[in-house]
Amino acid sequence: MNSSRIAPSLVTMSRTMRSQQAIRTGARYLAASRTFHVQARASTFIVGSERFKQAGILNTNIITQQVRTYADKVVKVPQMAESISEGTLKQWVKNVGDYVKQDEEVATIETDKVDVSVNSPASGTIIEVFAAEEDNVAVGADLFKLELGDAPKEGAASSEAKEEPKKEETKEEPKKQEAPKPAASQPSQPSEQPKAAFGNRSENRVKMNRMRLRIAERLKSAQDTAASLTTFNEIDMTNLMDLRTTYKDAVLKKHNVKFGFMSAFVKASAIALQELPAVNASIDGTDIVYHDYVDISVAVATPKGLVTPVLRNVEDMGYIDIEKNIAALGNKARDNKITIEDMAGGTFTISNGGVFGSLMGTPIINLPQTAILGMHGIKDRPIAVNGKVSVQ
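Okay, so the sequence shown: first residue is 1 according to the UniProt record's numbering, each after it adds one.
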């Protein structure tokens with residue numbers, strides 16, 4: 001037998017025996033300590049799990065459970081939209097030490113357009129946060145760390161209430177009796193001071209949220225940029241009011257939606273916009289973009305500011321469809337559930353100042369759109385009808 005062939009075989013066997021011995025030693029150490037680093041040891045468990053089971057040294061089921069229990073996950077600020085790169089952390093819904101389920105809301109981030117809920121990607125316990133409320137957070141930045149696993153059992157040591165130390169009772173020393181002082185001559189009473197002419201003059205300074213600040217900036221930019229012209233017209237609302245009075249109860253009963261005036265103005269605007277393409281257009285740099293569809297932005301007032309969700313393809317809608325979509329978007333906006341997609345685009349805007357009692361006004365164009373319609377209050381007016389004065 002060739003000795004040169006025997007030597008490599010002996011070397012290989014020696015290496016194999018040393019490797020097996022190292023694996024056994026490591027397994028015993030892990031079984032004894034019951035703690036390990038997941039990333040450093042995971043591959044060792046996979047390779048040697050069958051050998052461990054055969055040797056009766058380590059139970060792979062325990063290892064798997066420990067991996068699930070002690071793994072940590074860092075959750076980052078999610079992508080919100082192409083045009084949004086950061087936001088303001090408005091609220092931690094959950095705090096360090098709280099257990100959260102998968103898809104449960106953990107924090108709220110306020111952006112220029114909408115509030116974004118950050119939900120937990122898995123079930124676990126929050127062990128660290130990387131930002132405080134009112135901090136600006138960038139998309140992709142670390143937000144909080146989650147320890148994956150099941151909810152902690154009740155009665156754990158960490159949840160035991162600590163007894164407050166008893167406060168030592170301090171006895172009051174008896175007061176020394178002082179000798180009575182001689183009565184002093186009483187000064188003459190000062191003349192009564194005049195009362196202040198004004199009441200409470202306190203002030204309250206509140207920081208604008210990102211949405212309201214962004215709206216103010218955009219409206220001011222539109223006011224400075226657009227060469228706008230406002231025209232005023234009055235229309236006789238008698239027939240439309242009669243139509244609403246006749247059908248509002250039937251519409252509510254059959255379609256579970258209120259029949260208002262907005263649907264009529266939206267539909268009339270859609271017809272007019274198709275006849276006047278220059279009004280159903282938008283400005284893109286030095287270009288005018290003409291649209292063969294009608295997407296109307298409807299202004300909705302919310303506690304956080306004015307938002308303009310969009311009704312898509314209004315030219316294909318009827319009165320009932322318009323009312324249903326307006327109601328749905330209005331509810332989402334007031335419940336702070338409106339999304340960026342709900343407000344993106346729009347070829348024309350309608351603002352209804354009449355709900356606030358406005359008689360007339362000059363609404364600001366919602367750039368890059370080219371026009372806006374402002375609706376205002378309904379008032380009785382004396383008008384001439386067939387040569388006679390009539391109140392309409």
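No residue lacks a Cβ here, since even glycine has one placed at the ideal position from N, Cα and C. In this text, all values refer to a predicted model and were calculated from it rather than measured experimentally.
Q | Reduced DSSP secondary structure (H/G/I, E/B, other) of Ile-320 | A | Ile-320 falls in the helix class under three-state DSSP.
Q: Mark Ser-159 as exposed unless 16 or more other C-beta atoms lie within 10 angstroms of its C-beta, in which case mark it buried.
A: For Ser-159, the predicted structure reports a pLDDT of 47, less than 50, and the residue's modelled location is therefore unreliable. The matter cannot be settled from this model.
**Q.** Cut-off 8 Å between Cβ atoms - residues of its own chain near Ile-322, not counting five sequence neighbours on either side
**A.** So the list reads Met-262, Ser-263, Val-266, Lys-267, Leu-311, Val-314, once near-sequence residues are dropped.
Q.
Spatial neighbours of Val-251 within its chain, please: C-beta separation below 6 Å, excluding the five flanking residues on both sides.
A. In chain order, Phe-259 place their CB closer than 6 Å to the CB of Val-251, counting only its own chain and leaving out the 5 sequence neighbours on each side.
Q: Specify the secondary structure class of Leu-240 as computed by DSSP and reduced to three states.
A: Collapsing the DSSP output to three states places Leu-240 in a helix.
Q.
Do Ser-120 and Glu-133 have their beta-carbon atoms positioned less than 8 Å apart in this structure?
A. For Glu-133 and Ser-120, no; Cβs fall outside 8 Å.
Q) For Val-206, is the classification buried or exposed, using 16 other Cβ atoms within 10 angstroms of its Cβ as the cut-off for buried? A) When all chains shown are included, Val-206 counts as exposed.
Q: Excluding the 5 residues preceding and the 5 following Pro-140 in the sequence, name in chain order all residues of the same chain whose CB lies nearer than 7 Å to its CB.
A: Per the sequence presented here, residue 140 reads as Gly, with Pro not at that position. Sequence-distant partners of Gly-140 (beyond 5 residues in either direction) whose C-beta falls short of 7 Å from its own C-beta, in its chain, are Lys-76, Val-77.
Q) Can you name the start and end residues of the alpha helix (DSSP H) that Glu-341 belongs to? A) For Glu-341, the enclosing alpha helix (DSSP H) has its first and last residue at 340–343.
Q. If you draw a straight line from the C-alpha of Lys-379 to the C-alpha of Asn-239, how long is it?
A. A straight-line Cα-Cα distance of about 14 Å links Lys-379 and Asn-239.
Q: Would you identify the three-state DSSP class for Leu-359, choosing helix, strand or coil?
A: Reduced to three states, the DSSP call for Leu-359 is coil.
Q. Three or more beta-carbon pairs under 8 Å between the segment 322–341 and the segment 91–105, yes or no?
A. The segment 322–341 is not in contact with the segment 91–105.
(Q) Checking 8 Å against the spacing of the C-beta atoms, do Phe-348 and Leu-273 come in under that value? (A) Taking 8 Å as the Cβ cut-off, Phe-348 and Leu-273 qualify as a contacting pair.
Q: Give the straight-line distance between the Cα atoms of Ala-384 and Ile-296, rounded to the nearest whole angstrom.
A: In this structure, the alpha-carbon of Ala-384 lies about 34 Å from that of Ile-296.
Q) Under a three-way DSSP split, which group does Met-211 fall into? A) Met-211: helix per DSSP, three-state reduction.
**Q.** alpha helix (DSSP H) segments (min. 4 residues) lying fully within the segment 244–326
**A.** Within the segment 244–326, the complete alpha helix (DSSP H) segments of 4 residues or longer fall at 262–275, listed in chain order.
Q) Between Tyr-290 and Ala-281, which are expected to be in contact by the criterion C-beta below 8 Å, what is the C-beta distance as a whole number of angstroms? A) Confirmed, Cβ separation roughly 5 Å.
Q: Go ahead and pull the three-state DSSP assignment for Ala-122.
A: Reduced to three states, the DSSP call for Ala-122 is coil.
Q | Opening and closing residue of the beta strand (DSSP E) in which Glu-147 lies | A | Note, Glu-147: beta strand (DSSP E), 142–148.
Q.
Taking the beta carbon of Met-317 as the centre, do at least 16 other beta carbons fall within 10 Å, making it buried, or is it exposed?
A. That one is buried.
Q) Roughly how many angstroms lie between the CA atoms of Glu-147 and Gln-102, to the nearest whole one? A) Approximately 12 Å, taken between the alpha carbons.
Q: Kindly indicate which three-state DSSP category His-199 falls into: helix, strand or coil?
A: Here residue 199 turns out to be Gly, not His, going by the sequence shown. Looking at Gly-199 - three-state DSSP - the assignment turns out to be coil, as it is neither helix nor strand.
Q. Does DSSP put Phe-52 in a helix, in a strand, or in coil?
A. Model confidence at Phe-52 stands at a pLDDT of 44, short of 50, so the residue's coordinates are unreliable; what they give is reported in the following sentence. Per DSSP, reduced to three states, the secondary structure at Phe-52 is helical.
Q.
Taking 8 Å as the threshold (C-beta atoms), are Arg-214 and Glu-110 in contact?
A. If you check the CB distance, Glu-110 and Arg-214 do not come in under 8 Å.
Q) Going by alpha carbons, who is nearest to Thr-230 out of Gln-369, Met-360, Asn-352? A) Across the set Gln-369, Met-360, Asn-352, the C-alpha of Met-360 shows the shortest separation from the C-alpha of Thr-230.
Q) Between Val-307 and Val-106, what straight-line distance do the alpha-carbon atoms span, to the nearest angstrom? A) Val-307 and Val-106: Cα-Cα distance of roughly 25 Å.
Q: Can you tell me which of the three DSSP states Asn-59 falls into?
A: For Asn-59, the predicted structure reports a pLDDT of 49, less than 50, and the residue's modelled location is therefore unreliable. A value from the coordinates is still provided. Residue state, collapsed to three classes: coil.
Q. So Lys-384 is in the beta strand (DSSP E); what residue range does that whole segment cover?
A. The question names Lys, yet the displayed sequence has Ala at residue 384. Unbroken beta strand (DSSP E) run through Ala-384: 382–385.
**Q.** Top-ranked residue by Cα proximity to Lys-145, from Ile-126, Ala-151, Pro-303, Ala-131
**A.** Lys-145 has its Cα closest to that of Ile-126, out of Ile-126, Ala-151, Pro-303, Ala-131.
**Q.** Contact belief for Thr-302 with Arg-334 at Cβ below 8 Å, rounded distance in angstroms
**A.** With 8 Å as the limit, Thr-302 and Arg-334 qualify as a contact, their Cβ atoms being about 6 Å apart.
(Q) Using only CA atoms, which one of Ile-320, Tyr-319, Asp-342 lies nearest to Thr-329? (A) Before going on, a small fix: residue 329 reads as Leu here, not Thr. That would be Asp-342, whose Cα lies nearest to the Cα of Leu-329.
Q: Give the straight-line distance between the Cα atoms of Ala-122 and Val-129, rounded to the nearest whole angstrom.
A: Straight-line Cα distance between these residues: approximately 16 Å.
(Q) Considering Cα atoms alone, identify which of Gly-377, Ala-371, Pro-152 is closest to Ala-227. (A) Nearest option by C-alpha distance: Ala-371.
Q) With 16 other CB atoms within 10 Å as the buried threshold, where does Asp-115 fall? A) With 16 or more Cβ atoms within 10 Å of its Cβ, Asp-115 is classed as buried.
**Q.** Between the CA atoms of Leu-89 and Lys-304 - distance to the nearest angstrom
**A.** So the alpha carbons of these two residues sit roughly 15 Å apart.
Q.
If contacts are defined as beta-carbon pairs under 8 Å, then Gly-353 and Gly-374 qualify, I think. What distance do you get, rounded to the angstrom?
A. Right, their Cβ atoms sit about 6 Å apart.
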